[in-house]
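Data block below; observations after.
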Amino acid sequence: MSNELMQALIDLEQERGIPKAALIDAIKTALNTAYKKNFGTSQNVNVEMNEITGAVQVYSQKQVVAEVKDKSTEISLDEAHQINPDAQLDEIIDIEITPSNFGRIAAQTAKQVVVQKLREAERSMIFEEFADREGEIVTGTIQRMESKIVVVNLGRTEGIMLPSDQISTERYEVGQRIKGYIYEVKNSTKGPSIFISRSHPAFLKRLFELEVPEIYDGLVEIKSIAREAGARSKISVHSLEEGIDSVGACVGPRGIRVQNIVNELNGEKIDIIKYSKDPEKFIANALSPSKVISVDIDEDEKKARVIVPDYQLSLAIGKEGQNARLAAKLTAWKIDIKSESQAEEEHYEDGESS
32 MSNELMQALI
42 DLEQERGIPK
52 AALIDAIKTA
62 LNTAYKKNFG
72 TSQNVNVEMN
82 EITGAVQVYS
92 QKQVVAEVKD
102 KSTEISLDEA
112 HQINPDAQLD
122 EIIDIEITPS
132 NFGRIAAQTA
142 KQVVVQKLRE
152 AERSMIFEEF
162 ADREGEIVTG
172 TIQRMESKIV
182 VVNLGRTEGI
192 MLPSDQISTE
202 RYEVGQRIKG
212 YIYEVKNSTK
222 GPSIFISRSH
232 PAFLKRLFEL
242 EVPEIYDGLV
252 EIKSIAREAG
262 ARSKISVHSL
272 EEGIDSVGAC
282 VGPRGIRVQN
292 IVNELNGEKI
302 DIIKYSKDPE
312 KFIANALSPS
322 KVISVDIDED
332 EKKARVIVPD
342 YQLSLAIGKE
352 GQNARLAAKL
362 TAWKIDIKSE
372 SQAEEEHYED
382 GESS
């Protein structure tokens, strides 16, 4: 051990913010363990390190007694006086027993402790950095595939994309540049785990915030999102400023803004819906691109009965019920869709039964 080590500890404190005192305590603890491992002993041993020079000394702690019964823990008064003339009975004295080759072991141990502390500090810094970025979009490169998990290189660390966070219609390849939404950052003994998603509804929200200045500036608000990742999404928007067309702002000149998002999502269809405080209008808008004749709502049950033209029924329901399902999710209303002829038939049957 040397002055170089102590200077290195000072540098680490200044550059990395790792307290020198904490490093010294960790090194002392490790040195005690290293001594017992290499020089197994039943003695009460304490390893000390000079905080200025870095010199390491090993001391055996023994009790001064009139008659020695256990040499590993006791010392006679005469022997104690040879070490410390002022030693008295029952006193605990330190006797240096530093092995000749302990300096090499001490240097290796100190290096291991410093490396470990550096790793811990690095992990802590990465965790703090990405914990602050939870809810943001990051860009990285696919580094490897582990079973069905995609591991993304984010620079100083890796992002994890679980199967549920992937878009089922997408194919991922090593080396591919990819965007993802950080939805959770966890810390563990192995370091931080950063979970990213491309299927999360908030990923779509963040893409619109990046692409549409009016949303970023708070002039247009995203009210709700319903998403079936890779297939279709609906997003409702509301203008907070007079004269701003919320839907038009999101579509962009010649549709360029929404097209950029569709391209990022590899062709996922996106319906941009104008929000309304009036649930009847909102539900009618949400069923776009279908036309709606009427909407009757039941406030208590939060149900809506929607009538559409006969030729629009399949469009309103959508393939495998997708359009109706997304509209219900977007508005938070249960929606029952009927064609005009079905509604008339039900009305006629109700009239007959009465």
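Sequential numbering from 32 applies to the sequence shown in this note's numbering. Every residue, glycine too, gets a C-beta built ideally from N, C-alpha and C.
Where G286 and K51 are concerned, what is the direct C-alpha to C-alpha distance, given to the nearest angstrom?
-> Mapped onto the sequence shown, residue 286 falls at position 255. Mapped onto the sequence shown, residue 51 falls at position 20. G286 and K51: Cα-Cα distance of roughly 59 Å.
Just how far apart, CA to CA, sit L54 and Q147?
-> As a position in the sequence shown, residue 54 is number 23, starting the count at 1. As a position in the sequence shown, residue 147 is number 116, starting the count at 1. Going by the C-alpha atoms only, they are around 10 Å apart.
Identified DSSP bridge partners for R263 | As a first step, residue 263 is located in the sequence shown; it is residue number 232 there, counting from the start. E259 and K300.
Cβ pair count under 8 Å reaching 3, the region 135-149 against the region 114-124 = no
Option in K68, A65 and T84 with minimal Cα separation from F41 | In the sequence shown, the residue the question calls residue 41 occupies position 10. Note that residue 41 corresponds to Ile in the displayed sequence, not to Phe. Of the candidates K68, A65 and T84, the one whose C-alpha sits nearest the C-alpha of I41 is T84.
DSSP puts R208 in a beta bridge; with which residues?
-> By one-based count along the sequence shown, residue 208 stands at place 177. In DSSP, R208 forms a bridge with T172.
To which residues of the same chain is I157 closer than 6 Å at the C-beta, ignoring the five residues directly before and after it?
-> Taking the sequence shown and counting its residues from 1, one reaches residue 157 at position 126. R187, T188 and P223.
6 Å CB neighbourhood of S178 in its chain, flanking five on each side removed = Taking the first residue of the sequence shown as position 1, residue 178 is located at position 147. Taken in chain order, the list of residues that qualify is empty.
Neighbourhood of S372 by C-beta distance below 6 Å, restricted to the same chain and skipping five residues each side = As a working mapping, residue 372 is identified with position 341 in the sequence shown. Counting only Cβ-Cβ distances below 6 Å, and skipping sequence neighbours, we find D341.
Per-residue DSSP class, three states only, for S230 | The residue you call residue 230 lines up with position 199 of the sequence shown. S230 falls in the coil class under three-state DSSP.
At what residue ranges does the region 89-146 contain a whole run of the alpha helix (DSSP H), taking only runs of 4 or more?
-> 108-114
With burial defined as no fewer than 16 other Cβ atoms inside 10 Å of the residue's Cβ, what is the status of Q38: buried or exposed?
-> Within the sequence shown, residue 38 is the residue found at index 7, counting from 1. Result: exposed.
Quick one: measure Cβ to Cβ for V169 and I227, integer angstroms, because I've assumed they're closer than 8 Å.
-> Position 138 of the sequence shown, counted from the first residue, corresponds to residue 169. Position 196 of the sequence shown, counted from the first residue, corresponds to residue 227. About 7 Å; that satisfies the 8 Å criterion.
Segment contact, 8 Å Cβ cut-off, at least three pairs: the region 328-342 with the region 289-296 | no
Using three-state DSSP, classify M37 as helix, strand or coil.
-> As a first step, residue 37 must be located in the sequence shown, where it is residue number 6. Looking at M37 - three-state DSSP - the assignment turns out to be helix.
By Cβ distance below 7 Å, which residues in the same chain neighbour I136 in space, the five residues on each side in sequence not counted?
-> The sequence position of residue 136 within the sequence shown is 105, counting from 1. Hits under 7 Å: A65 and N69.
Just mark K305 as buried or exposed, buried being the case when its beta carbon has 16 or more other beta carbons within 10 Å.
-> Looking up residue 305 in the sequence shown gives position 274. By the neighbour-count rule (16 or more Cβ atoms within 10 Å), K305 is buried.
Shortest alpha-carbon distance to K59 belongs to which of Q45, E44 and V76?
-> The residue given as residue 59 occupies position 28 in the sequence shown. Answer by Cα proximity: V76.
If you draw a straight line from the C-alpha of N354 to the C-alpha of W364, how long is it?
-> Start at 1 with the first residue of the sequence shown, and residue 354 comes out as number 323. Start at 1 with the first residue of the sequence shown, and residue 364 comes out as number 333. Taking the straight line from one Cα to the other gives about 14 Å.
Please determine, among G274, E273, E272 and V282, the residue with the shortest C-alpha to C-alpha distance to I266.
-> Within the sequence shown, the letter at position 235 stands for residue 266. The candidate whose alpha carbon is nearest that of I266 is V282.
For K236, is the classification buried or exposed, using 16 other Cβ atoms within 10 angstroms of its Cβ as the cut-off for buried?
-> Counting from 1 along the sequence shown, the entry for residue 236 is found at position 205. Flag for K236 reads buried.
Which residues mark the beginning and the end of the alpha helix (DSSP H) in which N63 is found?
-> Here residue 63 refers to the residue found at position 32 of the sequence shown. Start and end: K51 to N69.
Less than 8 Å separating the beta-carbons of G190 and G171?
-> Counted from its first residue, the sequence shown places residue 190 at position 159. Counted from its first residue, the sequence shown places residue 171 at position 140. A contact, by the Cβ cut-off of 8 Å.
Cα-Cα separation between S155 and F133, rounded to whole angstroms | Start at 1 with the first residue of the sequence shown, and residue 155 comes out as number 124. Start at 1 with the first residue of the sequence shown, and residue 133 comes out as number 102. Approximately 32 Å, taken between the alpha carbons.
R288 versus Y214: straight-line alpha-carbon distance, rounded | Looking up residue 288 in the sequence shown gives position 257. Looking up residue 214 in the sequence shown gives position 183. Answer to the nearest angstrom: the Cα atoms are 24 Å apart.
Taking only runs of the beta strand (DSSP E) that begin and end inside the region 276-354, which ones reach a length of at least 3 residues, in chain order?
-> 300-305, 325-329 and 334-339
Limits of the alpha helix (DSSP H) - the one that E245 falls within = The residue labelled residue 245 in the question sits at position 214 within the sequence shown. Per DSSP, E245 belongs to the alpha helix (DSSP H) from P244 to Y247.
Bridge partner(s) assigned by DSSP for N184 = Position 153 of the sequence shown, counted from the start, is the residue given in the question as residue 184. T172 and E189.
Helix or strand or just coil, what does DSSP make of S195?
-> Residue numbering aside, residue 195 sits at position 164 when the sequence shown is read from its first letter. Reduced to three states, the DSSP call for S195 is helix.
By DSSP, does S178 sit in helix, in strand, or in coil?
-> In the sequence shown, residue 178 corresponds to position 147, counting from 1. DSSP places S178 in coil when its eight states are reduced to three.
How is K221 classed by DSSP in three states: helix, strand or coil?
-> As a working note, residue 221 is residue 190 in the sequence shown. Residue state, collapsed to three classes: coil.
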